[in-house]
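Data block below; observations after.
Number of protein chains: 2
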Amino acid sequence: MAERKRRLVANELTEAALQLLALKGFDAVTIDEIATTAGVSKRTFFRYFASKEDVVVQFLADMGADMRAELAARPAGERPAEALRHAVAVPIATCADHSDRALRVVQLILRTPALHARFLERQAQWRDDLAAELAHRLGLDPDSGLYPRLAAGMALNAFDAVLDRWSGSDGGEDPNELIEHAFAVIAPALDTA
Amino acid sequence: MAERKRRLVANELTEAALQLLALKGFDAVTIDEIATTAGVSKRTFFRYFASKEDVVVQFLADMGADMRAELAARPAGERPAEALRHAVAVPIATCADHSDRALRVVQLILRTPALHARFLERQAQWRDDLAAELAHRLGLDPDSGLYPRLAAGMALNAFDAVLDRWSGSDGGEDPNELIEHAFAVIAPALDTA
DNA sequence: CCCTTCATGTCACTCGGTGACATCTTGACA
DNA sequence: TGTCAAGATGTCACCGAGTGACATGAAGGG
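Those sequence lines, one after another, are chains P and Z.
So in my numbering, spot 48 of the first sequence is number 48, and the numbers just go up one at a time.
Plus 193 on top of the position in the second sequence (first one is 1) and you've got my numbering.
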């Protein structure tokens, strides 16, 4: 129940942060401001988040784990393009569900260089995870060929492109159509291994 | 000739920075240290570089322009996979030439999260440039289909994978072989448009 | 009722990064 | 040669991110 309080404070902080950052822009909001709004001190903020960027990027952190889990759950015989498409579709669907909030966060990230950089770095981790899972799935040695890594990279590249178009159109374009379109392009490379 | 002096100071600064950063690690070196080593003040450092990361990433900055230029220079009828492979090969060849220095810089970037993040962000810019060039090359509307962006992303993705392997093997693996291997994987998607 | 533990606040500090201002160089021009 | 304008630099003061040390205070367990 101490644990419950921790999660409560964390929520309060992300809430305050997203609100303020979306409203005034990344650089115009200080951590003191965020912390005070959430009712804690600046020091406490840093006990929950490692950096100012983290409070935003963390908001999307589970996506990586979700994707890997979905990939691991796909049937063994399924073609890589199909399996990866389903894996990438999971976080996209999550976005589409909470489109109000998710859209604002994604736009904030893509438009703020500091956040975008951190986001890409995190994605590099996802890519390695996906590559490992894919290699395991196909019975390949992850360190010999480049295929697993390239395939995972292509999937995430598609993910980024979709996210970009989706946020650029203010949620107007249909994410599912975009994903299918993107995977139609990359599938020939994914499925010829 | 004032311009020549500026370039001289800039060189002095990057020199000092790369030396110290590679030696002691990114976080263990202050900007005061770098500036003093180069014989200028901290303030002057920031008149040449926007941030601590910049002095390292800038070192690879021309790569983006080089790639785009090479892509623009490839014969019009050439298949995308071939043209992009040559474009990506340019910075790789540059690395292989100055392998002593380039290797240390690349390793520093890939191992330092803050630098890696900035590097990826810069690459996103390269990707958009490449995508624009590719769209122009193929007579496509850059904003309608996802192909140009995905193709550029795949090429850079291959670039990253090669860089990663090359630096991970301390320059042991042959970059040219790695590039061919990587493009053999992604070519089916690049050339089916 | 005490004691331990854990979260928090406060304080002081380092360092990245910026704006303002004074100084110094340098080259142009009379 | 003397002067003036422009640009580069140093100094100083400042803000904000991030960290370490320490004291406090609340919850739970004996």
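Ideal Cβ placement from N, Cα and C applies to all residues, glycine included.
Does DSSP put residue i in a helix, in a strand, or in coil?
i: residue 112(P); result: coil
i: residue 30(P); result: coil
i: residue 101(P); result: helix
i: residue 262(Z); result: helix
i: residue 343(Z); result: helix
i: residue 142(P); result: coil
i: residue 363(Z); result: coil
i: residue 78(P); result: coil
i: residue 254(Z); result: coil
i: residue 233(Z); result: coil
In or out: residue i buried (at least 16 other Cβ within 10 Å) or exposed?
i: residue 334(Z); result: exposed
i: residue 194(Z); result: exposed
i: residue 167(P); result: buried
i: residue 284(Z); result: buried
i: residue 316(Z); result: buried
i: residue 223(Z); result: exposed
i: residue 326(Z); result: buried
i: residue 172(P); result: exposed
i: residue 177(P); result: exposed
i: residue 53(P); result: buried
i: residue 151(Z); result: Residue 151(Z) lies beyond the stretch modelled for chain Z, which goes from 194 to 386, so this question has no answer here.
i: residue 353(Z); result: buried
i: residue 44(P); result: exposed
i: residue 157(P); result: buried
i: residue 136(P); result: exposed
i: residue 268(Z); result: exposed
i: residue 47(P); result: exposed
i: residue 23(P); result: exposed
i: residue 199(Z); result: exposed
i: residue 153(P); result: buried
i: residue 121(P); result: buried
i: residue 8(P); result: exposed
i: residue 64(P); result: buried
Using a C-beta to C-beta distance shorter than 8 Å, which residues of chain Z count as neighbours of residue i?
i: residue 188(P); result: 381, 382, 385
So residue i contacts chain P; which residues on that side make the cut at Cβ distance below 7 Å?
i: residue 368(Z); result: Simply none; closest approach about 13 Å.
Tell me whether residue i, by its Cβ, gets closer than 6 Å to a heavy atom of the ligand NAD.
i: residue 7(P); result: For the structure depicted, the ligand NAD is absent and the ligand set is empty, with no information on it obtainable.
So which residues of chain P does residue i contact, with C-beta pairs closer than 8 Å?
i: residue 317(Z); result: 116, 120
i: residue 306(Z); result: 121
i: residue 354(Z); result: 146, 149, 150, 153
Taking the alpha helix (DSSP H) that residue i belongs to, which residues open and close that run?
i: residue 245(Z); result: Looking at the DSSP string, residue 245(Z) is not in any alpha helix (DSSP H), and its letter there is neither H nor E.
i: residue 368(Z); result: 368–383
Give me the chain Z residues within the contact set of residue i, using Cβ-Cβ distance strictly less than 7 Å, ordered along the chain.
i: residue 182(P); result: 339, 343
i: residue 185(P); result: 339, 340, 343, 382
Relative to chain Z, which residues along the stretch 146–159 of chain P have a C-beta separation below 7 Å, given in chain order? 146, 147, 149, 150, 153, 154, 157, 158
Against chain Z: residues of the stretch 90–111 of chain P by CB proximity under 7 Å: none
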